[in-house]
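Mapped onto full-length UniProt numbering, the consecutive letters of the sequence shown carry residue numbers 1 to 385. From the three backbone atoms N, C-alpha and C, an ideal C-beta is built for every residue, glycine too. Notes follow the structure.
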Amino acid sequence: MKDLIQTLGENLEAQRAAARERARRLSRSYRCRCGNQVFFDNTLCLKCDSTLGYLPDEGRVAVMEPGPREGTCKTPGRVDLLKFCANRDSPAACNWMLYADNPHPFCIACRLNRTIPDLDDEDNGRYWIRIEAAKRRLVSQLLQLGLPVRSKIHDDPEGGLMFDFLRSPREGPQVMTGHADGLITLNVEEADDARREAIRHAMREPYRTLLGHFRHEVGHYYWDRLVRDGRWLQPFRDLFGDERADYAQALKRNYEQGPPANWAATFISAYATVHPWEDWAETWAHYLHVVDSLTTAMGFGLDADDIQGYVIPFERDALYAPDDPNAARFLELLNGWMEIAMVMNEMARSMGQPDFYPFVISRPAVAKLQFVQMVVFEARSSAEA
Ligand SMILES: [Zn+2]
Ligand SMILES: [Zn+2]
Ligand SMILES: [Zn+2]
């Protein structure tokens with residue numbers, strides 16, 4: 001018995017060490033060589049004037065020095081020659097790096113763009129900066145989670161991903177944000193704060209952001225890639241419902257009747273009630289929200305153990321797979337998140353701001369979140385194998 005407890009303890013310790021390493025890679029806290037704190041989007045250290053670039057393979061911001069050939073860079077601690085993404089000096093202000101010998105001018109994130117808005121229009125330039133900033137945050141997280149990220153235009157026409165950022169013509173029709181077969185379309189007016197806030201209000205949503213749109217739509221993409229054709233499909237149907245249910249009819253029903261009154265007892269959001277595909281995409285987006293926010297907190301040394309407050313923790317009986325080897329760690333993360341979100345919400349209220357995390361996670365949503373994590377972990381381990 002003692003041995004068993006000891007083994008369980010060691011397993012948890014090993015999982016914690018692995019999770020700390022993952023958290024370090026997912027962290028958003030970076031230091032310049034001068035010691036100054038620098039951030040994900042920075043191109044320059046404001047203290048020592050060093051040129052900065054983001055290394056998508058390592059998930060960190062680093063100092064860039066001129067390389068031996070024109071147009072190349074090197075960074076302390078790496079032998080390979082790098083170059084800046086060609087979008088560095090565009091309104092996208094991309095700070096990502098790529099190998100100097102890569103024939104593409106654009107980084108892995110910018111290479112996913114098929115259509116960008118017409119930059120002759122001043123508003124579009126403003127929108128595009130915000131869209132790219134949100135997209136880089138999305139793509140950096142996908143890469144650090146070990147998920148496949150390949151351009152449908154340049155690298156993988158069958159299974160890749162690409163983006164169209166479109167503006168609705170004045171005479172209509174309205175561009176619809178959505179996903180179809182690896183193409184994510186975004187209505188660029190979602191980058192206009194006043195318009196997006198008006199839509200959020202009209203739709204009675206507690207949360208609507210560019211990053212939220214991207215995380216939701218990319219959830220549909222990864223459903224196609226990781227669930228549709230594999231061993232997760234049946235377990236998915238058992239947990240989320242049968243996605244063969246008529247989608248157009250489901251949308252119509254939602255439009256006419258709205259969500260069921262008690263949706264919060266089962267779903268992560270009202271929109272998740274529309275169809276099993278939307279439930280998956282909403283849960284997937286939440287998984288990415290929670291992991292990014294929590295690893296950011298951990299990267300800056302915020303630890304849920306230090307919080308003086310109490311949230312009733314979820315136990316193993318709320319899980320989809322209580323015996324999964326990562327179950328204990330998943331619960332620890334989720335319960336840690338609940339405490340940090342509680343404090344962040346109170347801090348937002350102290351400033352008169354809307355809640356930082358305006359959601360309540362129900363027990364069925366916990367099971368679905370763990371399911372998403374299991375799919376993500378399996379995709380990562382098969383990519384590493
Ligand atoms: Zn510096
Ligand atoms: Zn780029
Ligand atoms: Zn959707």
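Through-space distance from residue j to residue i, alpha-carbon basis
{"i": "G146", "j": "E171", "result": "43 Å"}
{"i": "V38", "j": "F371", "result": "35 Å"}
{"i": "S140", "j": "H104", "result": "19 Å"}
{"i": "D279", "j": "G241", "result": "9 Å"}
{"i": "L52", "j": "N95", "result": "7 Å"}
{"i": "V311", "j": "A341", "result": "10 Å"}
{"i": "E346", "j": "R33", "result": "35 Å"}
{"i": "R64", "j": "C107", "result": "Rather than Arg, the amino acid found at residue 64 in this sequence is Met. If I take the Cα positions, the gap works out to 16 Å."}
{"i": "V227", "j": "R16", "result": "28 Å"}
{"i": "L369", "j": "P66", "result": "44 Å"}
{"i": "P364", "j": "S269", "result": "12 Å"}
{"i": "F377", "j": "P235", "result": "16 Å"}
{"i": "R339", "j": "R349", "result": "According to the sequence as given, residue 339 is Glu; it is not Arg. Roughly 16 Å between the two C-alpha positions."}
{"i": "D306", "j": "R28", "result": "20 Å"}
{"i": "D292", "j": "E58", "result": "16 Å"}
{"i": "P169", "j": "D355", "result": "35 Å"}
{"i": "A261", "j": "G336", "result": "29 Å"}
{"i": "R60", "j": "G299", "result": "12 Å"}
{"i": "F267", "j": "V79", "result": "49 Å"}
{"i": "D324", "j": "S382", "result": "17 Å"}
{"i": "L26", "j": "Q373", "result": "15 Å"}
{"i": "N11", "j": "R380", "result": "20 Å"}
{"i": "W232", "j": "H286", "result": "19 Å"}
{"i": "P259", "j": "Y30", "result": "42 Å"}
{"i": "C45", "j": "M203", "result": "41 Å"}
{"i": "R167", "j": "G77", "result": "43 Å"}
{"i": "N36", "j": "D121", "result": "37 Å"}
Within 8 Å, strictly: CB atoms of residue i and residue j
{"i": "V175", "j": "P117", "result": "no"}
{"i": "A100", "j": "L82", "result": "yes"}
{"i": "R316", "j": "A304", "result": "no"}
{"i": "A367", "j": "L319", "result": "yes"}
{"i": "Y110", "j": "C73", "result": "Residue 110 is actually Cys in this sequence, not Tyr. No."}
{"i": "G182", "j": "K152", "result": "yes"}
{"i": "L211", "j": "I131", "result": "no"}
{"i": "G178", "j": "E217", "result": "yes"}
{"i": "W128", "j": "Y222", "result": "no"}
{"i": "H275", "j": "Y255", "result": "no"}
{"i": "L138", "j": "P56", "result": "no"}
{"i": "A191", "j": "D41", "result": "no"}
{"i": "R215", "j": "H289", "result": "yes"}
{"i": "P157", "j": "G125", "result": "no"}
{"i": "L334", "j": "F359", "result": "no"}
{"i": "L186", "j": "H154", "result": "no"}
{"i": "G301", "j": "V343", "result": "no"}
{"i": "A297", "j": "S362", "result": "no"}
Residues that DSSP places opposite residue i in a beta bridge
{"i": "C73", "result": "P66, L82"}
{"i": "V61", "result": "Y54"}
{"i": "D164", "result": "T115, T185"}
{"i": "S151", "result": "L161"}
{"i": "L333", "result": "Answer by DSSP bridge pairing: none, since L333 is not bridged."}
{"i": "R31", "result": "Q37"}
{"i": "W128", "result": "Its beta-bridge partners do not exist; DSSP assigns none."}
{"i": "Y99", "result": "L82"}
{"i": "L44", "result": "T51"}
Exposure of residue i, with buried meaning 16 or more beta-carbon neighbours within 10 Å
{"i": "K252", "result": "exposed"}
{"i": "P206", "result": "exposed"}
{"i": "K47", "result": "exposed"}
{"i": "H201", "result": "exposed"}
{"i": "T75", "result": "buried"}
{"i": "R244", "result": "exposed"}
{"i": "residue 399", "result": "Since the first and last residues shown for the chain are 1 and 385, residue 399 lies out of range."}
{"i": "Q257", "result": "exposed"}
{"i": "M97", "result": "buried"}
{"i": "F165", "result": "buried"}
{"i": "V149", "result": "buried"}
{"i": "T295", "result": "buried"}
{"i": "P173", "result": "exposed"}
{"i": "A180", "result": "exposed"}
{"i": "E70", "result": "exposed"}
{"i": "E282", "result": "buried"}
{"i": "residue 389", "result": "Since the displayed the chain opens at 1 and closes at 385, residue 389 lies outside it and no answer follows."}
{"i": "Q353", "result": "exposed"}
{"i": "A62", "result": "buried"}
{"i": "residue 425", "result": "With the chain covering 1 to 385 only, the question about residue 425 has no answer from this structure."}
{"i": "A14", "result": "exposed"}
{"i": "residue 386", "result": "The structure shown does not extend to residue 386, since the chain is modelled only from 1 to 385, so the question has no answer here."}
{"i": "N87", "result": "buried"}
TODO: Ignoring anything shorter than 4 residues or poking outside the segment 185-243, list the alpha helix (DSSP H) runs there in chain order.
DONE: For the segment 185-243, whole alpha helix (DSSP H) runs of length 4 or above, ordered along the chain, are 193-202, 210-222, 233-240.
Task: Pocket of ligand 5 (residues with CB nearer than 6 Å to any heavy atom), chain order - done: Ligand 5 is not part of the structure shown, which contains ligand 1, ligand 2 and ligand 3 as its ligands.
Task: Within the segment 301-356, ranges of the beta strand (DSSP E) (whole runs, at least 3 residues) - done: Taking 3 residues as the minimum length, the segment 301-356 contains no beta strand (DSSP E) run wholly inside it.
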